[in-house]
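Trainee: Below: one structure in structure tokens.
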Amino acid sequence: MLALFLLAALPVAHAKDWPTYRHDNRRSGVSAEQLPTQLKEAWVYKSPIPPQTAWSGPAKWDAFSGNKDLQSMRNFDPAFFVTSVGKDVYFGSSVDNAVHCLDAETGKERWVFFTDSAVRFPPTAANGKLYFGSDDGYAYCIDAKSAAEEWRYRPIVDKRHTPSNGKLISLWPCRTGVLIEGGHAYFGASMLPWEASYLCAVDAKTGKPEGAGCFQARQTAVTLQGAMLASRDSIYVPQGRAAPLVFEKATGKRRGSIADAGGTYCLLTEEDQLISGPKNQK
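The opening residue of the sequence shown carries number 1 in UniProt numbering; numbering runs sequentially from there.
This is the structure in structure tokens:
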């Protein structure tokens with residue numbers, strides 16, 4: 001069973017928001033909230049089925065590169081990670097293909113928004129909206145209170161799907177989450193390095209790749225998987241076994257990769273140093 005715990009410390013009305021995966025776009029995992037040393041359980045939400053991860057452990061071996069004893073490099077969704085704003089707690093589910101909203105004070109479910117495949121990262125909350133991606137190939141924007149759909153977007157019209165862990169998924173699933181910054185929604189649509197991948201920046205209000213700073217950048221020989229990060233002028237995208245990539249935020253132009261880095265858990269310091277691991281295995 002998976003359990004989500006809210007530990008009673010401060011009244012919910014005074015708790016600081018946690019609006020995106022690991023708190024902010026640098027994925028610091030740090031909040032200014034001050035917690036007491038003694039915490040107690042307030043409520044528990046249990047999923048009837050554990051998360052259905054995108055990748056079930058490491059590859060046995062890499063025949064092309066001759067690599068053996070590989071580590072698990074794409075374990076970006078072992079839990080239902082949460083975000084929270086005010087009295088609402090949100091999480092995406094790889095079990096029932098949905099985003100859930102819970103009452104932060106009681107743990108009771110407020111609403112559920114379903115997609116056509118797994119949601120592997122929690123929604124990003126901004127300006128009363130929630131932004132998230134799904135294995136069905138779409139990035140979504142919904143109203144944070146009513147769950148009414150505002151828009152959905154995918155970069156290509158190709159509707160090919162493939163079986164994966166008992167589900168059907170797009171050949172271009174959105175497994176980066178959606179990063180919101182400067183009025184733009186950034187996300188990737190990618191899985192197989194021998195298929196084209198897409199790094200997108202759309203207008204956060206309309207969901208369209210129109211206007212200054214918007215783009216749909218086609219990429220080759222990459223696999224964009226894991227939560228994206230942002231500095232003042234760059235977007236960083238993990239790839240798992242391959243090195244993380246760096247893109248120009250304004251245009252989507254690829255700037256290069258981070259040598260000797262790998263995995264899908266990354267942190268970007270205030271000095272724009274990317275910390276990740278383990279080392280890429282390509």
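We treat Cβ as the ideally placed atom computed from N, Cα and C, and that holds for glycine.
Relative to the C-alpha of Trp-111, which residue among Asp-88, Phe-121, Ser-94 and Phe-132 is closest?
Mentor: For the purposes of this step, residue 111 is taken as the residue at position 111 of the sequence shown. The option with the nearest alpha carbon to Trp-111 is Asp-88.
Trainee: How should Lys-16 be labelled, buried or exposed, when 16 other C-beta atoms within 10 angstroms of its C-beta is the threshold for buried?
Mentor: Walking along the sequence shown from the start, residue 16 turns up at place 16. With fewer than 16 other Cβ atoms within 10 Å, it is exposed.
Trainee: Tell me whether Gln-34 sits in a helix, a strand or coil according to DSSP, three-state version.
Mentor: Here residue 34 corresponds to residue number 34 of the sequence shown, with the count starting at 1. In this structure, Gln-34 counts as coil in the three-state DSSP scheme.
Trainee: One question on the structure: do Ser-234 and Phe-247 come within less than 8 Å of each other, judged by their Cβ atoms?
Mentor: Counting from one through the sequence shown, the residue named residue 234 turns up at place 234. Counting from one through the sequence shown, the residue named residue 247 turns up at place 247. It is a contact, given that the beta carbons lie within the stated cut-off.
Trainee: Work out the CA separation of Leu-130 and Cys-141 for me, nearest whole Å.
Mentor: Counted from its first residue, the sequence shown places residue 141 at position 141. Counted from its first residue, the sequence shown places residue 130 at position 130. Straight-line Cα distance between these residues: approximately 6 Å.
Trainee: According to DSSP, which residues form a beta bridge with Cys-266?
Mentor: Locating residue 266 in the sequence shown gives position 266, counting from the first residue. Cys-266 is bridged to Ser-276.
Trainee: For Tyr-138 and Lys-40, I'd like the C-alpha separation in whole angstroms.
Mentor: Position 138 of the sequence shown, counted from the first residue, corresponds to residue 138. Position 40 of the sequence shown, counted from the first residue, corresponds to residue 40. Straight-line Cα distance between these residues: approximately 39 Å.
Trainee: Quick one: grab the DSSP three-state call for Trp-151.
Mentor: Here the question's residue 151 lines up with position 151 in the sequence shown. The answer is strand: DSSP assigns Trp-151 an E or B state.
Trainee: Could you tell me the distance, in whole angstroms, from the CA atom of Thr-176 to the CA atom of Gly-226?
Mentor: By one-based count along the sequence shown, residue 176 stands at place 176. By one-based count along the sequence shown, residue 226 stands at place 226. Cα-Cα distance, rounded: 5 Å.
Trainee: For Pro-244, which residues in the same chain have their Cβ closer than 7 Å to its Cβ, ignoring the five residues on either side in sequence?
Mentor: Reading the sequence shown from its first residue, position 244 is the one you call residue 244. Result list for Pro-244: Tyr-236, Val-237, Pro-238, Ser-257, Ile-258, Ala-261, Cys-266, Leu-274 and Ser-276, in chain order.
Trainee: To the nearest whole angstrom, what separates the beta carbons of Ser-84 and Ala-118, a pair I think is in contact under 8 Å?
Mentor: As a position in the sequence shown, residue 84 is number 84, starting the count at 1. As a position in the sequence shown, residue 118 is number 118, starting the count at 1. A Cβ-Cβ distance of about 21 Å is found for the pair Ser-84 and Ala-118, leaving them out of contact under the 8 Å criterion.
Trainee: Tell me the start and end of each unbroken beta strand (DSSP E) in the stretch 189-247 that is at least 3 residues and wholly inside, in chain order.
Mentor: 197-203, 215-219 and 234-237
Trainee: Return yes when the Cβ of Asp-135 is within less than 8 Å of the Cβ of Ser-190, no when it is not.
Mentor: Taking the first residue of the sequence shown as position 1, residue 190 is located at position 190. Taking the first residue of the sequence shown as position 1, residue 135 is located at position 135. Not closer than 8 Å, so no.
Trainee: In this structure, does DSSP put Trp-18 in helix, strand or coil?
Mentor: Start at 1 with the first residue of the sequence shown, and residue 18 comes out as number 18. If DSSP states are grouped into helix, strand and coil, Trp-18 belongs with the strands.
Trainee: From the DSSP output, in three-state form, read off Cys-174 for me.
Mentor: Sequence index remark: in the sequence shown, residue 174 carries index 174 (1-based). In this structure, Cys-174 counts as coil in the three-state DSSP scheme.
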